[in-house]
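For what it's worth, our numbering labels the leading residue of the sequence shown as 1459, then goes sequentially.
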Amino acid sequence: MGANLTREETAARARAIRIEKQRVSVDVRDATDLSQPTYPVNTSITLTSSGPQTWLDYQGDAVTAVLVDGDPRPVEFDGARIQLRGLPLDQVCVVEVQGASRYSRSGEGMHRFQDPVDAQIYLYTQYEPADARRVFPCFEQPDIKPQFTFELTGPEQWQLLSNQPEISREAMGNEVDHVIFAPTPPLSTYLTCLVAGPYHRVDDVWVSPGGDVELAWLCRASLAPHLDAEELFRITTAGLDYLNVAFGEYVWGKYHQVMVPEYNLGAMENPGLVTYTESYVFRSPATPAQYQQRSNTILHEMSHMWFGDLVTPRWWSDLWLKESFAEFMGAHLSKEAAGFEDAWLNFTGGRKSRAHVADSMPTTHPIVADIPDLEAAKNNFDAITYSKGASALTQLVHYVGLEAFFAGCRLYFERHAFGNATLTDFLAALTETSKMDLQSWADAWLQTRGHDELTAEVQGSDAVIERLVIRRGPGEMDDGTRPHATTVGLYDMVDGRLSLRDRHNVLISSDDTEVAAVVGQPLAVAILPNDTDQSFVRVRLDPATRRALLENVSDLEPLVRATSWASLFSDVRDGTLMVAEYVDAVIVHGPREDRTGILTSLIGHVEDALQRFVPDDRDLATRWRDTCRTVALGAPTGSMRQLQWAKAFIRAAVLAPSDVSWILDGELAGLEMTDDLRWLVWQSLAAQDLASDEALDGALAADDTASGRVAHLHAWYARPRLDLKQEAWNRAHTVDGETNAHLDAILQGLFAPGQTVLTDGFATHYFAALRDVWQDHPVEIARRLVLGGFPANVTHLPLAETWLQENTDASTALRRLVVERRFELEVAARVRAAQL
Ligand SMILES: [Zn+2]
């Protein structure tokens, strides 16, 4: 009983009931009255049951009535489930429930947000994996797919939206409208959605072979000047054109996309009504890599309209399949449909490198994970499921070919449209179209944890290659080996530049794979297995190759630069490459880097290394800071290069103190002083104790917006004063205190870089309070407190060890977070110990 739902009980429920349709009526007319914590909800479900008893999932505030075929029944509601008893056997009946649901401040369920600029109220829902039940009573499992009819009552001047188009609107008086939407096709609860509020809206039409489809982009009214609708529609239309051919007709009637405030994730694929984080409304100049990342997300969600929405995983154990698929398609479509040439390169430097880290942790798991219940499902929205899975799927596409892959997808969509399916069904379709046996591939890639390591070993004499072998060995946490269809590149110095001599396709299916084509060639300066990043592996560089990369990496083509830097940073984390050697290489090559995605990841790695691995190396931090300043000062005025390096300098000044207020005064000629940039300066000054209350409040008065308030909180608590830190700690831990976005800001300020000595005292409190924190807060808030507050100082490793030993009975989700943070602390300790 309770809020957790197991695979067994939901499978039994799916077998026992057949549900035809569900009508849901939600009344948010009083949402603008912030003293109203709840809103009325009504639902009626038409179903047939083979047993007298089942239950509805609901996490509302109250249930006021339960009726079966019009007969009132006793209300049996424990806060998570409503018991239904005495159902007529094997005949259609109608179950009605009336209740009241709570507005949320954690981004789960029906989130309510007030815009500080104009005091307007905005609502949106977010459900995956199982939060529809926070809004309305339902059968919360992906393999029960009713045809939903939503009704929404709200202020008449608001946008009132759901997955399907509006079919009727009735004025209720007092400026309130009641809207009914067209019935959905069969749809899982987690994919339903409601959006309400005075959203700014831009409309367009997609002309498809099947007829015109209504498009719209929406955002808060106060963000309207920043919404670049033209570019957003360009990507939308390009993606729909491509997918309509590759996968078959778009079936959801309309396609609305909404940027929503205080969002916990990047986006959600509700069919016909996709929601996105507002950080995709760029308030200040964005890099090409940021535009590309946004395009990736838009196209990721769009591909879910087929994979996930039209055909839905039967249970969360196949979460990986829809997410890996969408990740692959996001990058593929960004390049092939939307014209972002660097889409795969950014995947390499960003999400894939995080997947490597996750796959090295003790908590890693096979891509196909065992998901016995919802708690386990929630834990698996992780880098293994999304990014390692996408890398494996990329290997599969290389293996079977893109044509056969898409043909297999079409067959799978046709066969299972509006239903549920599993990995077995997908592989069956793909096997039919590719005529290949995919089972051994699936077993090797999907059922094992960890990843292989590849090393190039060359034997030669008289400067000639006699033998080149790619060795495949087990990596960390590895419990299998995998085939790799990839490349190996040989590189020479030509006219003082490291240049590609030759690239060979290799199929690595044993532990020693010979590259016969190179025998008799001259020895190479560098040999790079997987240089085009076609597989998911850890490449161990031989010493000569590593030296050549450290000296010449910027000579290489962009994708090879990205894979090379990834290997070098893995060496840093292993303690086999000194932090200073890595940072000095970035100091030399970073300023020559013209791909913003690669540069962003390099700057991020340097900042990470300086903060966690060598916190006492003031010389290195100073060298980094001065490089950033010099490059920013020398960059073309108003360029992206100037902006990226200026930001890096402002952050670097926190670890190597330097008054950055001159940037506020406009002394970096041509640099556009946006609100976001101004706040970055204030946060840096605050962390250096160079910002008074008055100054920060003045900055807020100049930008009293939602993001301004978040940035102000961050700056406020970044000041190195114990009284402020204590206040931040108390605010963060107040139950029902802060929204998700404000909590992030408070924690960032509280644990600003370079202040571990000041915040060391919280470590004991942190572990003492951990279980209460997990119990007392909604999971999205609790996660932030657990991750954000984890001690950064390696001296606290024993505290983490003790907690883990003494709390073996704590929730698996909580333990997993602690184990992963402890792992990172161990990495930091190992790297520190390895420095010469
Ligand atoms: Zn997704």
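Built from N, CA and C at the ideal position, the CB exists for glycine as well. The structure displayed is predicted, hence computed values, not measured ones.
- Every residue whose Cβ sits closer than 6 Å to any heavy atom of ligand 1 is listed here in chain order: 1727, 1758, 1762, 1781, 1784.
- With a cutoff of 9 Å on beta-carbon distance, residue 1656 and residue 1616 are scored as near each other.
- For secondary structure counted as the alpha helix (DSSP H) over 4 or more consecutive residues, the region 2092-2126 holds these complete runs in sequence order: 2098-2113, 2119-2122.
- According to the DSSP secondary-structure assignment, residue 1957 is paired through a beta bridge with 1950.
- Judged by their CB atoms, residue 2141 and residue 2207 are nearer to each other than the 9 Å cut-off.
- Counting the other CB atoms within 10 Å of its CB gives residue 1517 a total of 16 or more, which places it among the buried residues.
- Secondary structure of residue 1795 (DSSP, three-state): coil.
- When 2145, 2131, 2098 are compared, the shortest CA-CA separation from residue 2116 is found for 2145.
- In this structure, residue 2255 places its C-beta atom within 9 Å of the C-beta atom of residue 2284.
- In the structure shown, residue 1677 falls within a strand segment according to DSSP collapsed to helix, strand and coil.
- Contact check for residue 2072 against residue 2293 passes: the beta carbons are separated by less than 9 Å.
- Counting along the chain, residue 2134 sits inside the alpha helix (DSSP H) bounded by residues 2133-2145.
- Annotated as proximal: residue 1495 and residue 1519, with beta-carbon spacing under 9 Å.
- In the displayed model, residue 1787 falls within a helix according to three-state DSSP.
- Ranking 1964, 1979, 1981 by CA distance to the CA of residue 1973 puts 1964 first.
- In the structure shown, residue 1995 adopts coil according to DSSP, grouped into three states.
- Around residue 1719, the same chain offers 1571, 1580, 1678, 1736, 2164 as residues with beta carbons nearer than 7 Å, after the five sequence neighbours per side are excluded.
- In this chain, residue 2045 is not harboured by any beta strand (DSSP E); it is covered by the alpha helix (DSSP H) spanning 2037-2047.
- Between residue 2221 and residue 2257, the beta carbon gap of about 6 Å places them in contact (Cβ cut-off 8 Å).
- Residue burial annotation: residue 1515 is buried, with at least 16 other C-beta atoms found within 10 angstroms of its C-beta.
- Looking at the backbone, the Cα of residue 2236 and that of residue 2242 are separated by about 10 Å.
- Note: residue 1596 is bridge-paired with 1515 in the DSSP secondary-structure output.
- The region 1880-1930 is shown to contain whole beta strand (DSSP E) runs of 3 or more residues at 1910-1919, in chain order.
- Closest in alpha carbon position to residue 2210, among 2238, 2252, 1618, 2143, is 2143.
- A distance of 9 Å or more separates the beta carbons of residue 2275 and residue 2252.
- The region 1674-1692 makes contact with the region 1575-1594: 3 or more CB pairs, one atom from each, lie closer than 8 Å.
- Three or more Cβ pairs closer than 8 Å define a contact, and the region 1474-1488 falls short of that threshold against the region 1771-1781.
- For residue 1483, the enclosing beta strand (DSSP E) begins and ends at 1475-1485.
- Beta-bridge partners of residue 1945 (DSSP): 1963.
- Taking residue 1722 as reference, the option from 1753, 2077, 1563 with the minimal CA-CA separation is 1563.
- If you check the CB distance, residue 1670 and residue 1663 come in under 9 Å.
- In the DSSP annotation of this structure, the continuous segment of the alpha helix (DSSP H) that includes residue 2234 starts and ends at 2220-2234.
- In this structure, residue 1792 places its C-beta atom within 9 Å of the C-beta atom of residue 1753.
- By the C-beta criterion, the region 1841-1856 is judged not to be in contact with the region 1732-1748, since fewer than 3 inter-stretch pairs fall below 8 Å.
- Residue state for residue 1934 is assigned as coil, using DSSP reduced to three classes.
- Distances from the alpha-carbon of residue 1686 to those of 1738, 1710, 2081, 1594 put 1738 closest.
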